[in-house]
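Colleague: Can you read through this structure? Questions will come right after.
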Amino acid sequence: AFYAGLEQLDVEAFDYIGKVDADLEFPAEYFERVMREMEADPKLGNMSGKVYLRLDDGRLVPERMGDENAIGAAKFYRKACFEQIGGFVQHVGWDGIDGHMCRLMGWIARSEDREDLRIIHRRLMGSSQNSVWEGRKRWGRLKYYMGSAPWYMSAIFAYRLAERPYVVGSVAILLGYLEELARQGPRYEYP
Numbered sequence: 070a071f072y073a074g075l076e077q078l079d080v081e082a083f084d085y086i087g088k089v090d091a092d093l094e095f096p097a098e099y100f101e102r103v104m105r106e107m108e109a110d111p112k113l114g115n116m117s118g119k120v121y122l123r124l125d126d127g128r129l130v131p132e133r134m135g136d137e138n139a140i141g142a143a144k145f146y147r148k149a150c151f152e153q154i155g156g157f158v159q160h161v162g163w164d165g166i167d168g169h170m171c172r173l174m175g176w177i178a179r180s181e182d183r184e185d186l187r188i189i190h191r192r193l194m195g196s197s198q199n200s201v202w203e204g205r206k207r208w209g210r211l212k213y214y215m216g217s218a219p220w221y222m223s224a225i226f227a228y229r230l231a232e233r234p235y236v237v238g239s240v241a242i243l244l245g246y247l248e249e250l251a252r253q254g255p256r257y258e259y260p
């Protein structure tokens with residue numbers, strides 16, 4: 070869908086390219102703030118705020134993500150960076166690979182946890198339209214495709230134990246990875 074939409078535009082007329090999920094709430098002037106950050110740092114190629122999940126009781130809980138990449142649900146690129154990294158890999162895991170490619174090409178990719186950039190996600194990250202179990206297994210498969218090593222997956226398993234759904238989510242991630250490892254699925258070939 071993203072590329073079908075992109076083909077309808079004269080990309081040369083724009084300095085930035087964004088891709089956002091439909092299940093997000095953005096603060097007012099979010100994109101203006103991101104553009105100002107990018108204008109202030111010419112090496113900043115990809116940026117986002119951080120994502121929070123609103124619990125049933127109204128509390129906001131951060132989705133745990135590193136600062137070294139923009140979040141997959143709300144990618145915003147400097148057009149030159151997007152073109153240099155070759156756009157999106159059309160495979161699950163694209164939203165991690167793009168951050169690696171940014172860094173390989175000398176760009177900065179980051180996300181910041183600031184109230185004026187706080188994004189509300191209307192469903193649990195790593196879930197899917199089918200179930201959280203299937204979404205987390207997909208997450209494990211994408212980690213395999215991205216080239217993650219078994220020792221790294223062990224660390225992810227331990228790190229994600231403390232997240233909802235507790236234990237089950239980590240087991241599903243590891244299972245998805247191990248299934249791909251067993252079948253020797255394809256892996257992304259970095260340049």
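Position in the sequence shown counted from 1, then plus 69, gives you our numbering. No residue lacks a Cβ here, since even glycine has one placed at the ideal position from N, Cα and C.
Tell me the rounded alpha-carbon separation between TYR257 and MET215.
Modeller: Those two C-alpha atoms are separated by around 6 Å.
Colleague: Quick check on this structure: which residue in ARG210, GLU98, ASP84 and GLY74 has the alpha carbon closest to the alpha carbon of ASP185?
Modeller: Of the candidates ARG210, GLU98, ASP84 and GLY74, the one whose C-alpha sits nearest the C-alpha of ASP185 is GLU98.
Colleague: Note down the Cα distance separating MET228 from PRO131, rounded to an integer number of angstroms.
Modeller: In the sequence on display, residue 228 carries Tyr and not Met. C-alpha separation (whole angstroms): 15 Å.
Colleague: Can you tell me which of GLY162, TYR235 and GLU76 puts its alpha carbon nearest to the alpha carbon of TRP208?
Modeller: Checked all of GLY162, TYR235 and GLU76; the closest Cα to TRP208 is GLY162.
Colleague: Would you identify the three-state DSSP class for GLY114, choosing helix, strand or coil?
Modeller: Note: GLY114 maps to strand in three-state DSSP.
Colleague: Quick check: the Cα distance between GLY165 and LEU211, rounded to an integer number of angstroms?
Modeller: Cα to Cα, GLY165 sits roughly 9 Å from LEU211.
Colleague: Are SER117 and PHE145 touching if we call contact CB-CB under 8 Å?
Modeller: The answer is yes: Cβ separation under 8 Å.
Colleague: I'd like to confirm the pairing. Which residues does DSSP put opposite LYS144 in its beta bridges?
Modeller: The partner list for LYS144 (beta bridge, DSSP) reads LYS88.
Colleague: Three-state secondary structure (DSSP) at VAL236?
Modeller: It is coil, neither helix nor strand.
Colleague: From what residue to what residue does the alpha helix (DSSP H) around PRO96 run?
Modeller: Neither: PRO96 is in no alpha helix (DSSP H) and is coded neither H nor E.
Colleague: Out of GLU248, ALA218, ASP182 and ILE225, state which residue places its alpha-carbon closest to the alpha-carbon of GLU203.
Modeller: Minimum Cα distance to GLU203 is reached at GLU248.
Colleague: Ordered along the chain, which non-local residues of its own chain (more than five positions away) have a Cβ less than 6 Å from that of VAL89?
Modeller: Result list for VAL89: ALA143, in chain order.
Colleague: Do LEU250 and TYR213 have their C-beta atoms closer together than 8 Å?
Modeller: Going by C-beta atoms, LEU250 is nearer than 8 Å to TYR213.
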